[in-house]
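Written out below as structure tokens is the structure these notes cover.
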Amino acid sequence: MQPNLARGKTRSAERLLESRVEATAPGDIFLVCSDGLWGPVPEGQIAGILTAHRDLGLAASLLVDLANEHGGPDNVTCVLARLGGG
Numbered sequence: 004m005q006p007n008l009a010r011g012k013t014r015s016a017e018r019l020l021e022s023r024v025e026a027t028a029p030g031d032i033f034l035v036c037s038d039g040l041w042g043p044v045p046e047g048q049i050a051g052i053l054t055a056h057r058d059l060g061l062a063a064s065l066l067v068d069l070a071n072e073h074g075g076p077d078n079v080t081c082v083l084a085r086l087g088g089g
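My numbering runs 3 ahead of the 1-based position in the sequence shown.
Shown next, in the form of structure tokens:
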């Protein structure tokens, strides 16, 4: 079902949530994004930008631009965070 705010129809958040446990290390980057990014942009291109750019603000901007270039069907949301420590 396509979200329709005017009619109040949305998909259940439970079906859109993915959860798993992974090992992490200092310097790892977490990406939280909407389907406006992960839908049209191949995972390899997303990983390439995250690998090539240390500045997360720049990387986020480039990811949004890339989603728009790929004809993203709706809004694009992208949040990046790098683990510290060590």
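Where is the CB? At the ideal position from N, CA and C, for every residue including glycine. Quick caveat: nothing in here was measured; it's all calculated off a predicted structure.
When the options are compared against residue i, the one with the closest alpha-carbon
i   : options            : result
N71 : A55, S22, L40      : L40
G75 : S37, A28, A55, G51 : S37
V82 : P29, H73, I49      : I49
D77 : V44, F33, A28, P29 : V44
G42 : L86, L69, E25, P29 : L69
Local Cβ density within 10 Å of residue i, reported as buried at 16 or more and exposed below that
i   : result
V79 : buried
N7  : Confidence at N7 is low in this model, with a pLDDT of 42, below 50, so the placement of that residue should be treated as unreliable; the coordinate-derived value is given next. Classification for N7: exposed.
Identity of the residues DSSP links to residue i by a beta bridge
i   : result
A84 : F33
Cutoff 7 Å: residue i Cβ touching any chain D Cβ
i   : result
G39 : The structure shown contains no chain D, having only a single protein chain.
Distance between residue j and residue i (C-alpha atoms, nearest Å)
i   : j   : result
R23 : V35 : 14 Å
L59 : L53 : 8 Å
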